[in-house]
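This report refers to the structure that appears directly beneath it.
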Amino acid sequence: MYKAKAYSAQSATSRLESASIVRRDPTEHDVQIEILFCGICHSDLHQVRNEWSGLMPTVYPCVPGHEIVGRVTKVGSAVTKFKAGDLAAVGCMVDSDGTCPECKAGLEQFCSNLVLTYNSPDKHLGGVTYGGYSDAIVVNERFVLRVPGNLDLAGTAPLLCAGITTYSPMRHWSVAKEKKVGVVGLGGLGHMGVKFAHALGAHVVVFTTSPGKREDALRLGADEVVISKNADEMNKHAGSFDFILDAVAAVHDINAYLNLLRRDGNLTMVGAPQQPIPVSVFGLLFRRRSFSGSLIGGIAETQEMLDFCAKHNITADVEVIPIQKVNEAYERLVRSDVKYRFSIDMASLKSE
Ligand code: NAP
Ligand code: ZN
């Protein structure tokens, strides 16, 4: 075991503060990584503030962070995919049983023995796993991703959650040329959704509550922007979408979007508001529409997404911050004031 620097929260109402944590020495299948950048996902905020207390209660102290990019410092004797000095990345998962049908299908995110990067029981050290707001992490090589050499590292970190969470449902629902695709909420996930839908050749419409984001949406790859509070603008698109990805972190009127789907259209929810959302069944019956959810993506698909990003030169638009600004960044997330992902430069932990 060795000590690592981190930022942790002691309770649902406390600020994140500097802390010392313990990491395991790498076992034979482990990769030890010096963390260079970690993105800030709205899920970090939900978890730190125990907003998902019903389903995933937070165990304190909580060290969040699951958009991790770094450099390998050491590998276990059986590791074949990595060596010291390589770039490496870790997303939302650090272990699974590897034997269930979900794991065998490459859908580790649905394994009932999934170990999340933070706030999951830690079978090595006891307590819970600690995430990427830290200078180091040790992860089984099955859950470590290769980072393409040509991508900016600060902008690559968010691909490990915001990237795969938007890429996976778009592939699943066959987003492609000739398809009309909506993206609801231009935050960390939403802006990645726009980039992917555009790169896949779709006609992309962004729905935002923030009129000030219109120009950015177009620059990111949207063909049209709708201010969702404007009913007339919304009605113009009634019955016309093949697919809509909803990446909103708060409760909102989902039926307004279901009505925009064409026959057999699908709306996939990736946003995870804490309260249930009412769904109008009639909105689904007419035109045989479907409403579904999606959770991150499997490891193989995450690697595919990173390679897709390398080929299309896609990274997140990031505001790089020192870890000392993390609490301020959380307040800005709540106000939808993020362009479009905070990425923590972990070199800033050295001064703690
Ligand atoms: P984020 O950066 O805070 O973006 C959320 C965006 O939603 C905001 O920028 C805003 O966009 C819009 N929004 C916020 N409040 C709203 C409201 N009351 N009504 C309508 N729109 C509102 O968050 P994120 O990191 O992208 O995460 C989004 C959600 O996805 C979170 O709930 C997170 O936990 C969840 N998530 C799920 C998965 C998964 O696997 N399913 C993975 C990661 C994250 P506009 O200003 O454009 O309106
Ligand atoms: Zn996330």
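Quick note on numbering: the sequence shown equals residues 436 to 787 in this note's numbering.
For glycine and all other residues, C-beta sits at the position ideal for the given N, C-alpha and C.
Residue 656 Cβ short of 7 Å to the ligand NAP heavy atom set: For the ligand NAP, not one heavy atom lies less than 7 Å from the Cβ of residue 656.
Distance CB(residue 580)-CB(residue 759) smaller than 8 Å: No.
Closer than 7 Å: residue 536 CB and nearest the ligand NAP heavy atom: Checking the Cβ of residue 536 against the ligand NAP gives no.
Where residue 747 falls, given that 16 or more other Cβ within 10 Å makes a residue buried: Of the other Cβ atoms in all chains shown, fewer than 16 fall within 10 Å of the Cβ of residue 747; this residue is therefore exposed.
Cutoff 7 Å; reference residue 542; Cβ partners in own chain excluding five residues on either side: 733
Secondary structure of residue 485, DSSP reduced to three states: coil
Short Cβ contact (8 Å threshold) for residue 586 with residue 750: In this structure, residue 586 sits near residue 750, with a CB-CB distance shorter than 8 Å.
Cβ contact (3+ pairs, closer than 8 Å) linking the segment 590–608 and the segment 625–632: yes
Exposure of residue 436, with buried meaning 16 or more beta-carbon neighbours within 10 Å: exposed
Where the alpha helix (DSSP H) through residue 655 begins and ends: 649–655
Element boundaries [beta strand (DSSP E), containing residue 473]: Unbroken beta strand (DSSP E) run through residue 473: 465–475.
Rounded separation between residue 532 and residue 481 - CA only: 26 Å
Bridge partner(s) assigned by DSSP for residue 659: 640
Close Cβ partners of residue 735 (< 7 Å) along its chain, the five nearest in sequence each way excluded: 541
Residue 517 - DSSP class collapsed to helix/strand/coil: coil
Endpoints, the alpha helix (DSSP H) within which residue 754 is located: Run containing residue 754: none in the alpha helix (DSSP H); it sits in the beta strand (DSSP E), 753–757.
Bounding residues of the beta strand (DSSP E) (the contiguous stretch that carries residue 780): That run of the beta strand (DSSP E) goes 776–780.
Residues with C-beta closer than 5 Å to any heavy atom of the ligand ZN, in chain order: 476, 478 and 596
Of the listed residues 785, 616 and 528, nearest to residue 545 (C-alpha basis): 528
Meets three-Cβ-pair contact criterion under 8 Å: the segment 599–618 and the segment 677–695: Between the segment 599–618 and the segment 677–695 there are three or more C-beta pairs closer than 8 Å, enough to call the two in contact.
Beta-carbon proximity list for residue 772, same chain, < 7 Å, skipping 5 on both sides: none
Supposed close pair residue 589, residue 780 - CB separation, criterion 8 Å: Yes, residue 589 and residue 780 are in contact; Cβ-Cβ is about 7 Å, under 8 Å.
Reduced DSSP secondary structure (H/G/I, E/B, other) of residue 737: helix
Candidates 752, 604, 713 and 685: closest to residue 731 by CA position: 604
Selected residue, minimal CA-CA separation from residue 500, among 465, 473 and 511: Ranked by Cα distance from residue 500, the options 465, 473 and 511 are led by 473.
Three-way DSSP call (helix, strand, coil) for residue 707 in this model: Per DSSP, reduced to three states, the secondary structure at residue 707 is coil, with no helix or strand assignment.
Nearest neighbour of residue 644, chosen from 683, 551, 559 and 440 [CA to CA]: Ranking the options by Cα distance to residue 644, first place goes to 683.
Three-state secondary structure (DSSP) of residue 530: strand
Within 8 Å, strictly: CB atoms of residue 701 and residue 727: Yes, the pair counts as a contact, with Cβ atoms nearer than the cut-off.
Alpha carbon of residue 720 to alpha carbon of residue 703, nearest angstrom: 16 Å
Same chain, Cβ closer than 6 Å to residue 511, neighbours up to 5 away in sequence not counted: Residues 461, 462, 463, 464 and 465 of the same chain have their beta carbon placed closer than 6 Å to that of residue 511, with the five preceding and five following residues left out of the count.
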